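Visitor: Here the sequence shown stands for residues 10 to 113, where the numbers follow my numbering. Glycine included, C-beta positions come from ideal geometry on N, C-alpha and C. Owing to the predicted nature of the structure, the values given are computational and were not obtained by experimental measurement. I'd like to ask you about the structure that follows.
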Amino acid sequence: MVDGAKRIQAVVYVVLPLAFPGIIATSIFTFILAWNDYIFVRILITSDELKTLSVGIADLYNATVIDWGMIMAGSMLITVPVLLFFVFVQRYLIAGWGAGAMKG
């Protein structure tokens, strides 16, 4: 407001760059929580087609014959999308930490 900016300009150029890392961090945690949801799926979903990968791997481990190769392949299917999401989003997280704190 001191430099002649209107309210919407102040929000866009000051508030959003400062809030962006928090939004990114929250999106990372929310994605990981939703991706690895175990308790909700174990209790409420009985259909095998609707279960998440983590519950499917737990079912593989509880089977009569444990196929370690399939369990390790499934664990990679769980881990890789989360890592790719974090690698894509981390540049915005790091770039936004101090972007709104400086004028100019």
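1. In the DSSP assignment, the alpha helix (DSSP H) including G31 goes from what residue to what residue?
2. Which residue from A67, N71 and F95 puts its Cα closest to that of G83?
3. Do you know how far the Cα of I75 is from the Cα of M81?
4. Let me confirm a value: I32 is counted as buried when at least 16 other C-beta atoms fall within 10 Å, else exposed. Which label applies?
5. Would you give the residue range spanned by the alpha helix (DSSP H) that A67 belongs to?
Guide: With the structure as the only source:
1. The residue you call residue 31 lines up with position 22 of the sequence shown. Looking at the DSSP string, the run of the alpha helix (DSSP H) that includes G31 is L25 to W44.
2. To locate residue 83, count along the sequence shown from 1; it is residue 74. Per the Cα distances, A67.
3. Along the sequence shown, one-based indexing puts residue 81 at 72. Along the sequence shown, one-based indexing puts residue 75 at 66. Distance between the alpha carbons of M81 and I75 is about 11 Å.
4. Here residue 32 refers to the residue found at position 23 of the sequence shown. Its Cβ having fewer than 16 others within 10 Å, I32 is exposed.
5. Sequence index remark: in the sequence shown, residue 67 carries index 58 (1-based). Here the alpha helix (DSSP H) through A67 covers L62 to Y70.
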